[in-house]
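**Student:** Below you will find the structure I want to go over with you.
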Amino acid sequence: MSSITAILRKKPNKQGQYPIYIRITKDRKSSFIALGYYIEIEQWDEKNKKVRKSHPNSSRLNNLIAKRISEAGGKLIEADASDKNVSLKAIRKKIINKGSDFFVVAEEYLKNIERLEKYNALYSEKPKIAHFKEFLNCKTFPIEQIDVRLLNEYQAYLKVERKVSDRTIANHLITIRTIYNIAIKEGIVNNKNYPFGRESIRIKIPESIKQGLSQEEVRSIEDLNLKEGSKEWHTRNIWLFSFYLAGIRVADVLKTKWSDFNNNRFTYRMGKNKKIISLKTPEKILQIISHYESQRYQNNGYVFPELKNVDEKNIKEVIRAVKTAGVSLNFYLKRIAEKAEINKPLSMHIARHTFGNISGDKIPTQMLQKLYRHSSITTTVNYQSNFIHKDVDDALEKVIDF
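Residue numbering for the sequence shown is 1 to 402, as defined by full-length UniProt numbering.
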């Protein structure tokens, strides 16, 4: 005699909530399968073995319980029909299909990123998956249960509870979509109920406002009287170093070595796209690095000291050190902005926007493409369009100036 029922186990988690399980009984022996959801004990209807309406997602949870009991019943009948002496452990194994668990696929996705040593992507994706798990409040979740309604609820959660931007919400949805697509490709789930696309959830990347500093604002930073050797003085040097070289990224600045300077040229490989760029070394750059000449051998070959104690062959360690340094630099840049009376956000990334803003339409697009090392001229045009407003301003004036 076999039976299947839903139960609320009496072992609470740290939040004092209790887990919902499916109990399978065969030949007076029982096995338990976790649904991955926790509820308050008073939200459980012990008599009817279901979640009370006092729980905000009672309908969804009860539908899931009914579905899991039905699936388990089918597997149990199938197992009994194929082998009368099949063990309870074997039946449980047939019922549990770990491959359809979103977080199992997500974990494999993260492992693949790590195997490829794409640590920036790894550090970016991990929190997004953790946020989704926090929202679901469960350790496992069937991929096929991800639908439009759930994703809409998740977007609201990110906006209201986590208070993140629309762009960050879009990035979270892209991660879920990527994992869902992997599951489809591997045959774990079909695309019949695919929750993304024209008729479902359409991920829209909102336009971001790219605001750079003006020439006057850069001069105010250059002219600040900062104590040599101080954190703010050092931070200014790094920010200006980035700006003077067309806004190279902070990771590339910190990885700059003395050996990158030869015959009055600065040659380096961009970390983001691995492209090599060679530029004539501006006099202002020579002035900055001259301050660090005395530390040439103390900094393990680096111009700046942030990575001097890091094993450059350990990519994960390098990325972690760059991230830590970036947080520190942005902290001191806020102080610098206050002292320079700049009312715009100031960060390492703003150095790139500042170069774009000041260059405007003064430099041919093809030349800017080379400086930025963009693969497509379209990328350069789109980027510069954030800073060039003269044509639009003139057109507006022609209409209203009467």
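C-beta atoms are modelled at their ideal positions from N, C-alpha and C, and glycine is treated no differently.
Given the structure is predicted, the values throughout are model-derived calculations rather than measurements.
Entirely within the region 299-358 and at least 4 residues each: give me those alpha helix (DSSP H) ranges in chain order.
**Tutor:** 315-339
**Student:** Just list the residues that DSSP pairs L8 with in beta bridges.
**Tutor:** I20
**Student:** Roughly how many whole angstroms lie between the Cα atoms of F243 and V250?
**Tutor:** Straight-line Cα distance between these residues: approximately 10 Å.
**Student:** Where do the N-terminal and C-terminal ends of the beta strand (DSSP E) with K280 fall, by residue?
**Tutor:** 276-280
**Student:** For the alpha helix (DSSP H) that contains T168, what are its first and last residues?
**Tutor:** 166-185
**Student:** Please tell me whether W233 and L333 are closer than 9 Å, where the distance is taken between their beta carbons.
**Tutor:** no
**Student:** The beta strand (DSSP E) with F266 in it runs from where to where?
**Tutor:** 265-269
**Student:** Quickly, what does DSSP pair Y38 with across the bridge? List them, please.
**Tutor:** P19
**Student:** In the DSSP assignment, find the alpha helix (DSSP H) that holds A121 and state where it starts and stops.
**Tutor:** Looking at the DSSP string, the run of the alpha helix (DSSP H) that includes A121 is 119-136.
**Student:** How long is the line joining the alpha carbons of N190 and L151, rounded to whole angstroms?
**Tutor:** 18 Å
**Student:** On a Cα-Cα basis, can you pick out the residue from T168, V51, E117, S200 that is closest to N314?
**Tutor:** E117
**Student:** Enumerate in chain order the residues of its own chain whose CB-to-CB distance from G326 is below 7 Å, with the five nearest sequence positions on each side excluded.
**Tutor:** For G326, same chain residues with a beta-carbon under 7 Å away, outside a window of 5 residues either side, are V250, M348 in chain order.
**Student:** Taking 9 Å as the cut-off, decide whether the C-beta atoms of S208 and R167 are in contact.
**Tutor:** yes
**Student:** Would you mind reading off the limits of the alpha helix (DSSP H) that contains H234?
**Tutor:** 231-244
**Student:** Could you tell me whether the Cβ atoms of Q43 and S58 are closer together than 9 Å?
**Tutor:** yes
**Student:** Contact check, I20 vs I39 under 8 Å by CB: the rounded distance?
**Tutor:** Confirmed, about 7 Å.
**Student:** Are the region 195-214 and the region 145-161 touching by the rule of at least three beta carbon pairs closer than 8 Å?
**Tutor:** Yes: at least three Cβ pairs fall under 8 Å.
**Student:** Taking the alpha carbon of I129 as the point to measure from, which residue in Q155, N112, F102, E114 has its own alpha carbon closest?
**Tutor:** By alpha-carbon distance to I129, the top candidate from Q155, N112, F102, E114 is F102.
**Student:** Taking the Cβ atom as the reference point for each residue, do K50 and A6 lie within a distance shorter than 9 Å?
**Tutor:** It is a contact, given that the beta carbons lie within the stated cut-off.
**Student:** Work out the CA separation of F141 and R296 for me, nearest whole Å.
**Tutor:** 53 Å
**Student:** Label T235 either buried or exposed according to how many other C-beta atoms from any shown protein chain fall within 10 Å of its C-beta, with 16 as the threshold for buried.
**Tutor:** buried
**Student:** Spell out the partners DSSP gives R262 in its beta bridges.
**Tutor:** Residue identity check: residue 262 is Asn in the sequence provided, not Arg. For N262, which the question treats as bridged, DSSP gives the partners R265.
**Student:** Along the chain, where does the alpha helix (DSSP H) that runs through Y109 open and close?
**Tutor:** Residues 102-115.
**Student:** Does DSSP put I201 in a helix, in a strand, or in coil?
**Tutor:** Shown here, I201 sits in a strand according to DSSP, grouped into three states.
**Student:** Is R269 near I276, with beta carbons less than 9 Å apart?
**Tutor:** yes
**Student:** List the residues that DSSP assigns as beta-bridge partners of T25.
**Tutor:** S3, S30
**Student:** Going by the DSSP bridge assignment, what does V250 pair with across the sheet?
**Tutor:** None; V250 has no bridge partner.
**Student:** Hey, out of T178, H131, K26, N137, whose CA is closest to Q155's CA?
**Tutor:** When each option's Cα is compared against that of Q155, the closest is H131.
**Student:** Are the Cβ atoms of L245 and I285 separated by less than 9 Å?
**Tutor:** yes
**Student:** Going by DSSP, name the residue or residues bridged to F141.
**Tutor:** Under DSSP, no beta-bridge partner is assigned to F141.
**Student:** Put V51 into one of helix, strand or coil per three-state DSSP.
**Tutor:** strand
**Student:** Any idea which residues DSSP pairs D45 with across the strands?
**Tutor:** Answer is K50.
**Student:** Can you give me the Cβ contacts of A321 inside the same chain, cut-off strictly under 7 Å, excluding the 5 residues immediately before and after it?
**Tutor:** E306, L307, V310
**Student:** Please return the same chain residues whose Cβ sits closer than 6 Å to the Cβ of I248, not counting the five positions on each side in sequence.
**Tutor:** S242
**Student:** Please list, in chain order, all residues of the same chain as L396 whose beta carbon is under 6 Å from its beta carbon, the five residues on each side excluded.
**Tutor:** Because the pLDDT of L396 is 46, which lies under 50, any placement of that residue in the model is unreliable, and the question is left without a value.
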